[in-house]
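Here the structure is laid out as structure tokens; the discussion comes afterwards.
In mature numbering (1 follows the signal peptide of the UniProt record, and there is no 0), the protein residues as written are -20 to -1, 1 to 414.
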């Protein structure tokens, strides 16, 4: 009998010794960042105590093995369903594996357990917005505001729920948030984005410049600030801001696109070419997204890569849905690129396509001039006559205060008359027009 008890005691002592030795190995592995080894040492999950479970969870998080972590978190909640930490961690786990709905539900449970914790409310509402469950997101925002009317974050999130549906309500939410916290960069960037999109660039510049006096490094605020300068055609300042963003590590499509536009507006076509080429490599042009390609083409046409500019503009045209205003802009750009590439034939073809969409009579004058300087007088006459036939009488000449023709202010009509006269003299004398 005594020998049996002795064997049992020895067995327990041996087991505890092995467990202690195993835990020491796990701790050493964690201290050495050997997380794969931690997972190996804790692979028998059914026999893990609470401490070893935490070791395994830590390794899963570090290795982004959230699917492996999920059953451990579920077991932990089964043991204690009132643990805020467990609800927060399983919510994050669901988010990481892409189950935003369950993540939202877990954060909602955490809110019910601790309604005064703004962290859980914010995470819950963000998940609802990500799910496009805007009705419940608004309800959650109002519940938060009813409990704490001083929360700027609650009003900001409420504004977010309206941003794509009701801009006025969105702005009201952001404005209420701004009154409660005028130094929250998320609030500032949201308001600035809205007013920039509404063409109120000076206001966007004002509020972002005021914020920059306190924090000049926030990327979202600086993006809106730089965009406001770009859209106001204050290109040197826009370039300064966007180059600062690049030094901070922001090489996003929009930063490179607007920086390229700013360099183009500042007549630095080589820098525009470089940045717009990078932007295009990040986001390939598509039907509704040819802006970067358009300005890239115009920039290339003013550098050593003129042929590349012509090709890029033709690509932009082929990708674009044929709405008149857009096609006019693109064919005008193509004509410009061809002109800079000394491709008169291509330029004339582009001008004729531009006329199909715009019906601008002055394009016939431009085409006539191109043929005139190529010594193709038959076609020059054809297009000059087309142009002149459609010019109203009161638009043919400029008049002085006495109602006399003012020859010091020549019109296209008068220039066409002169060129037609030169062509006729050429035909008569078989000489070259002056």
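Glycine residues also receive a C-beta, built at the ideal position from the N, C-alpha and C atoms. This one's a predicted model, so the numbers in the text were calculated from it and none came from an experiment.
If you ignore the 5 residues before and after residue 327, its C-beta comes within less than 7 Å of the C-beta of 315, 318, 319, 350, all in its own chain and listed in chain order. If you compare the alpha carbons of 218, 334, 277 with that of residue 246, the shortest gap goes to 218. The residues 360, 363, 364, 367, 396, in chain order, have a CB closer than 7 Å to that of residue 348 in the same chain once the five nearest residues on each side in sequence are set aside. The alpha carbon of residue 139 has as its nearest neighbour, out of 118, 200, 52, 126, the alpha carbon of 118. DSSP, read as helix, strand or coil, puts residue 377 in coil. Of all alpha-carbon atoms in 24, 210, 227, the one lying nearest the alpha-carbon of residue 243 is that of 210. Annotation for residue 73: the continuous alpha helix (DSSP H) segment containing it runs 64 to 76. Taking the C-beta atoms as reference points, residue 174 is found no nearer than 9 Å to residue 158.
Here residue 176 carries a helix assignment [DSSP, helix/strand/coil]. Excluding the 5 residues flanking it on each side, residue 101 has same chain C-beta neighbours closer than 6 Å at 91, 124, in chain order. Within the segment 75 to 138, the complete alpha helix (DSSP H) runs of at least 4 residues fall at 80 to 93, 98 to 110, 114 to 127. With fewer than 16 other Cβ atoms from the protein chains shown falling within 10 Å of its own Cβ, residue 179 counts as exposed.
In the DSSP secondary-structure assignment, residue 385 is bridged to 379. Between residue 374 and residue 337, the C-beta spacing is not below 9 Å. Residue 112 and residue 68 have their C-alpha atoms spaced approximately 21 Å apart.
Contact annotation: residue 37 and residue 49 have beta-carbon atoms nearer than 9 Å.
Under the three-state reduction of DSSP, residue 269 is assigned to strand.
Cβ atoms of residue 170 and residue 135 stay farther apart than 8 Å, at about 11 Å. The Cβ-Cβ distance between residue 402 and residue 371 does not fall below 9 Å. Rounded to the nearest whole angstrom, the CA to CA distance from residue 2 to residue 21 is 7 Å. For residue 57, the enclosing alpha helix (DSSP H) begins and ends at 46 to 59. Between the beta-carbon of residue 225 and that of residue 198 there is about 11 Å, and that puts the pair past the 8 Å contact cut.
The shortest C-alpha to C-alpha distance from residue 10 to any of 43, 352, 141 is the one to 43. For residue 109, same chain residues with a beta-carbon under 8 Å away, outside a window of 5 residues either side, are 117, 137, 140, 141 in chain order.
Looking from the CA of residue 12, the closest CA among 24, 39, 129 belongs to 39. Note on residue 153: 16 or more other CB atoms within 10 angstroms of its CB, so buried under the neighbour-count rule. Burial check for residue 265: the Cβ neighbour count within 10 Å reaches 16 or more, so the residue is buried. When only Cα atoms are considered, residue 94 and residue 62 end up about 10 Å apart. Taking all protein chains shown into account, residue 65 has fewer than 16 neighbouring C-beta atoms within 10 Å of its C-beta and is therefore exposed. The three-state reading of DSSP puts residue 193 in coil, since its state is none of H, G, I, E or B.
Taking the CA atoms as reference points, residue 334 sits about 33 Å from residue 216. Here residue 36 carries a helix assignment [DSSP, helix/strand/coil]. Between residue 276 and residue 260 the beta-carbon gap is near 6 Å, inside 8 Å, which marks them as a contact. Secondary structure of residue 198 (DSSP, three-state): coil.
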